Amino acid sequence: MLTYSIDTDSWSVPLQHPPDSPEMISRHAACLSDDKKTLFVSGGFNNNIKDEPTDNLYCFDFKSGDWSKKKFINRFDHFIFNAEDEIWSFGGLSQEMNHVVRISNFNLKSGVTGELNFSNLPKLHGNPFSGASASHCYLQISNTKILDILVPAEYTQDSEAVKPMIGYFDLTTLKYTYLISGSTFKPLVSYIWKHCFIYEDHLCMLGYPTSDSSEGAEQYKLSYLLRIPLTLLGLSEPAFQNSTNDDLMLSNFYKMYFSSEFTDFEIFGLNGDRLTGQEDETMDEDADEANKSEPIEVHKLVLMVRWPYFKKLYESGMTESQTNKMFIHEPVYLVKMLVDFLYTNTVKENISIETITKLLSLSEMYQITDLKSLLLARIYSEGFICESILTIWETSLYINDPILRMNSENFIFRNWGRIVRTEEFKDLSKEHMIQLFENLGEGSQIVAEKSSNSSFENLNFNNRNYESPVAKRQRISNEILSDDGGSSTSEVTTPVPGHPLTPTSHAPDGLRFMLEHQGSTLSHHSEAPRDDARWW
221 MLTYSIDTDS WSVPLQHPPD SPEMISRHAA CLSDDKKTLF VSGGFNNNIK
271 DEPTDNLYCF DFKSGDWSKK KFINRFDHFI FNAEDEIWSF GGLSQEMNHV
321 VRISNFNLKS GVTGELNFSN LPKLHGNPFS GASASHCYLQ ISNTKILDIL
371 VPAEYTQDSE AVKPMIGYFD LTTLKYTYLI SGSTFKPLVS YIWKHCFIYE
421 DHLCMLGYPT SDSSEGAEQY KLSYLLRIPL TLLGLSEPAF QNSTNDDLML
471 SNFYKMYFSS EFTDFEIFGL NGDRLTGQED ETMDEDADEA NKSEPIEVHK
521 LVLMVRWPYF KKLYESGMTE SQTNKMFIHE PVYLVKMLVD FLYTNTVKEN
571 ISIETITKLL SLSEMYQITD LKSLLLARIY SEGFICESIL TIWETSLYIN
621 DPILRMNSEN FIFRNWGRIV RTEEFKDLSK EHMIQLFENL GEGSQIVAEK
671 SSNSSFENLN FNNRNYESPV AKRQRISNEI LSDDGGSSTS EVTTPVPGHP
721 LTPTSHAPDG LRFMLEHQGS TLSHHSEAPR DDARWW
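Structure (C-alpha cells):
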C-alpha cells in the first residue's frame with residue numbers, strides 16, 4: 221500500500237505490521253471510516269489465487285499501522301462505504317460474473333453480515349463485458365443516501381440496450397428512487413460518461429460524445445463535463461449537517477421561538493391560501509395590507525445564519541432592517557412552515573402535495589435551497605400520481621426545474637388517458653395546456669395498448685397500408701349511411717373539406733377522430749382517451 225501526500229506531492233509507504241496485512245490484490249473496493257482514521261479494503265482478486273474473488277475485509281489503522289482481517293463477501297468491482305459502525309457494499313460482480321443486485325452490510329462491532337433486496341432496481345442484461353452492457357457508479361451523499369448512476373459501457377443503436385439513468389438508495393426507508401432517465405434526458409444519452417464524482421454540491425460526470433463514426437483516439441478523450449446541481453435531485457445536504465451540536469443548538473432556539481422568548485424580529489404573511497408569487501397580476505398592496513396576518517415572532521440571529529436571502533436583505537439597510545419587520549406577501553401558513561424549517565431543518569410529514577408544491581415555489585422565491593432540496597426529495601420519494609401530477613408540472617415551470625419538468629411530463633404522457641379525466645386537467649389554463657402539447661416531439665402519437673374493452677386489437681398507424689384520417693372518416697360515414705347498414709366497398713381517396721378536428725359523430729366504438737400534423741399522427745378516442753392511452 222502506498223499513500224500520496226497532496227501537500228508535498230510525494231508518495232510514501234506507511235508503517236505496516238504483519239501478519240494480517242493483505243497480499244497483492246486487484247479489482248477490490250476501499251473506503252475510509254467516518255473519522256478518516258481507518259482504511260477498509262474489501263474483496264477483489266488475490267494475485268496468487270485468481271479462481272475466485274476473496275471475501276476478506278481488511279482494516280488498516282493509520283495511527284498504529286496495524287492490519288486486521290474479517291470475513292465479509294466474495295465480490296469484485298464493487299463499491300463500499302462506512303456509515304457509523306457498518307460497512308455497506310453495492311453492486312459489483314460475483315464469481316459467476318453476474319451483476320450483483322443485493323446490498324450487503326457488515327457490522328464492525330458484532331461481525332454479523334446481512335443482505336437487503338430492493339425490488340425495483342434497474343436491471344443489467346447480458347455479458348457484463350459486452351459493448352451493449354452497462355455499469356453502475358455509486359457515490360455517497362450521506363450516511364443514508366447513495367447516488368446510483370447507470371452508464372452504458374459503449375455507444376450502441378440497439379433499442380433494447382440499457383439506457384443511462386440516475387437514481388438513489390435511501391437506507392432509512394429502504395427505497396430506491398428513480399430521478400433521471402437517459403431516454404429523455406439528452407445530456408445522459410448523447411455521451412458516454414466514464415467517471416462520476418461530487419464537487420461543490422454538484423454531480424459531475426466526465427465523458428465523450430456517442431458516435432457511429434471512427435474518429436480515432438481523440439473521440440475517447442474525456443473532454444466533456446456534465447454538472448447537475450444536487451438540489452435539483454433532492455439530494456443537497458443541508459448547511460447544518462444534523463450533528464449533535466447542531467441539533468442541540470437548533471432545538472434550544474426552537475424552544476425560544478415556540479415560546480416567543482427573546483425574539484427581536486417580526487414576520488407577517490397574508491391570511492388565506494392564495495399564492496401571489498405565481499400570479500401575473502399586479503400585487504394590490506392596499507388589499508394585502510388589509511389582509512395582513514398576526515406577526516410571527518422570530519430571532520434575527522437564526523434567520524441570518526440559516527437564510528442567505530434574509531442576511532442580504534438585512535445588511536442592505538432596507539426598511540426591514542430598520543423596523544425589524546418583514547412582510548411576505550404569501551399565505552401565512554406557508555410562511556410559518558418556512559420559518560419552522562429554518563428552526564428545525566425539517567418539514568411536517570403529513571402535508572398534502574398541494575402544500576408541498578406551494579412551499580417549493582416559496583423556497584425558490586426566497587432562495588432557501590435546503591428546503592427546496594428536501595421538498596424535491598419528498599416529491600420523488602412519494603412518487604407521482606395522476607391526480608396531482610399537473611400541479612407538480614406547473615410548479616416545475618415556475619421554479620424553472622428542467623429535471624422535475626422532464627420527469628412530470630414523462631409521467632403525464634405515459635398516463636395520458638387517466639390524466640385527461642382528472643379535475644386538474646379541467647382546471648389547466650389554456651396557456652399551460654398549449655405549452656404541455658408543445659413539449660411533445662414532432663413524431664408523437666397517442667396509442668392504446670391491447671385491451672378487451674376496445675374493438676381495436678392494435679392501434680398502429682405507422683405502416684404502409686396507413687389510411688389517412690380524412691379518408692377514413694369519409695369511409696366510415698359512407699359505411700354508416702349505406703342502405704343496408706353494412707360496409708361500403710367504395711374507397712375514398714380525396715380529402716373531405718372541413719376542420720381536421722371535426723369528430724365523426726357515428727364512428728365505431730373507441731374512435732372519434734384522428735389528427736395529422738407535420739408527419740405526426742394523433743388518434744383521439746371517444747369523450748377522452750382510454751385509460752391505457754399513452755403518448756409516444
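Counted the way my numbering counts, the sequence shown spans residues 221 to 756.
Built from N, CA and C at the ideal position, the CB exists for glycine as well.
Every value quoted in this text rests on a predicted model; they were computed, and no experiment measured them.
Going by alpha carbons, who is nearest to residue i out of the options?
{"i": "T393", "options": "E602, K520, S324 and H519", "result": "E602"}
{"i": "L529", "options": "L595, L558 and N620", "result": "First, the amino acid is wrong: residue 529 is Tyr here, not Leu. The residue with the shortest Cα to Cα distance from Y529 is L558."}
{"i": "S253", "options": "F280, N276 and F482", "result": "F280"}
{"i": "W636", "options": "K650, E614 and Q665", "result": "Q665"}
{"i": "V518", "options": "E535, T543, F478 and I548", "result": "F478"}
{"i": "A249", "options": "E662, F301 and I487", "result": "F301"}
{"i": "F405", "options": "K395, V371 and H415", "result": "V371"}
{"i": "K395", "options": "F338, L533, L580 and S288", "result": "F338"}
{"i": "W527", "options": "F547, P551 and N565", "result": "N565"}
{"i": "T175", "options": "P551, D590, M585 and I588", "result": "Since the displayed the chain opens at 221 and closes at 756, residue 175 lies outside it and no answer follows."}
{"i": "Q542", "options": "K520, K556 and M626", "result": "K520"}
{"i": "E651", "options": "R625, I639 and E614", "result": "E614"}
{"i": "D286", "options": "E272, L259, F265 and K545", "result": "L259"}
{"i": "S262", "options": "L235, H298 and M626", "result": "H298"}
{"i": "N266", "options": "K256, C251, F296 and H237", "result": "F296"}
{"i": "I548", "options": "T589, E535, K532 and L495", "result": "L495"}
{"i": "V332", "options": "S355, L277 and M385", "result": "L277"}
When DSSP labels each residue in this structure, what does residue i get in the three-state scheme?
{"i": "S324", "result": "strand"}
{"i": "S688", "result": "Residue placement at S688 is flagged as unreliable, the pLDDT there being 43, under the threshold of 50; a coordinate-derived value is accordingly withheld."}
{"i": "Y586", "result": "coil"}
{"i": "N302", "result": "strand"}
{"i": "T228", "result": "coil"}
{"i": "D390", "result": "strand"}
{"i": "E569", "result": "coil"}
{"i": "T364", "result": "coil"}
{"i": "I412", "result": "strand"}
{"i": "V382", "result": "coil"}
{"i": "S309", "result": "strand"}
{"i": "T483", "result": "coil"}
{"i": "L399", "result": "strand"}
{"i": "H488", "result": "Residue identity check: residue 488 is Phe in the sequence provided, not His. Strand at F488."}
{"i": "I418", "result": "strand"}
{"i": "K475", "result": "helix"}
{"i": "T223", "result": "strand"}
{"i": "I605", "result": "coil"}
{"i": "K291", "result": "strand"}
{"i": "L370", "result": "strand"}
Taking the continuous beta strand (DSSP E) assigned at residue i, which residues delimit it?
{"i": "P449", "result": "Y444 to P449"}
{"i": "L426", "result": "H422 to P429"}
{"i": "H356", "result": "A354 to Q360"}
{"i": "D297", "result": "Careful: D297 lies outside any beta strand (DSSP E) and carries neither H nor E."}
{"i": "K545", "result": "K545 to P551"}
{"i": "E514", "result": "Premise fails: E514 is in no beta strand (DSSP E) and is neither H nor E."}
{"i": "L336", "result": "T333 to L336"}
For the alpha helix (DSSP H) holding residue i, just list the boundary residues, first then last.
{"i": "H652", "result": "K650 to E658"}
{"i": "P234", "result": "Per DSSP, P234 belongs to no alpha helix (DSSP H) and is neither H nor E."}
{"i": "F530", "result": "P528 to E535"}
Could one say the Cβ of residue i lies closer than 8 angstroms to chain B's Cβ atoms, at least one of them?
{"i": "K406", "result": "Structure shown: chain B not included; a single protein chain is present."}
task: Report the residue ranges of all alpha helix (DSSP H) runs contained in full by the stretch 608-643; include only those spanning at least 4 residues, in chain order.
output: Qualifying alpha helix (DSSP H) stretches, in chain order: 609-619, 622-634 and 636-639.
task: Give, in chain order, every unbroken run of the beta strand (DSSP E) that is at least 3 residues long and sits entirely within the stretch 237-289.
output: DSSP runs (the beta strand (DSSP E)) wholly in the stretch 237-289: 249-252, 258-262 and 276-281.
message: For the pair the stretch 244-253 and the stretch 226-235, tell me if three or more CB-CB distances fall below 8 angstroms.
response: The answer is no - the stretch 226-235 does not touch the stretch 244-253, with fewer than three Cβ pairs under 8 angstroms.
The stretch 623-639 touching the stretch 603-613, judged by at least three CB pairs closer than 8 angstroms: Yes, since at least three Cβ pairs between the stretch 623-639 and the stretch 603-613 fall closer than 8 angstroms, the two stretches touch.
message: For the pair the stretch 446-453 and the stretch 407-424, tell me if three or more CB-CB distances fall below 8 angstroms.
response: The stretch 446-453 vs the stretch 407-424: in contact.
Stretch-stretch touch, CB-based, cutoff 8 angstroms, three pairs: the stretch 353-367 with the stretch 382-390: Counting Cβ pairs under 8 angstroms, three or more are found: they touch.
message: Check whether the stretch 323-331 and the stretch 292-306 touch, using three or more Cβ-Cβ pairs below 8 angstroms as the test.
response: When Cβ pairs closer than 8 angstroms are counted between the two stretches, the stretch 323-331 is seen to touch the stretch 292-306, the count reaching three or more.
query: Is the stretch 564-571 close to the stretch 509-523, with three or more CB pairs under 8 angstroms?
result: No, because fewer than three Cβ pairs between the stretch 564-571 and the stretch 509-523 fall closer than 8 angstroms, the two stretches do not touch.
field: the stretch 313-320 in contact with the stretch 276-291 per 3-pair CB rule at 8 angstroms
entry: Touching, no, given that fewer than three Cβ pairs across the two stretches are closer than 8 angstroms.
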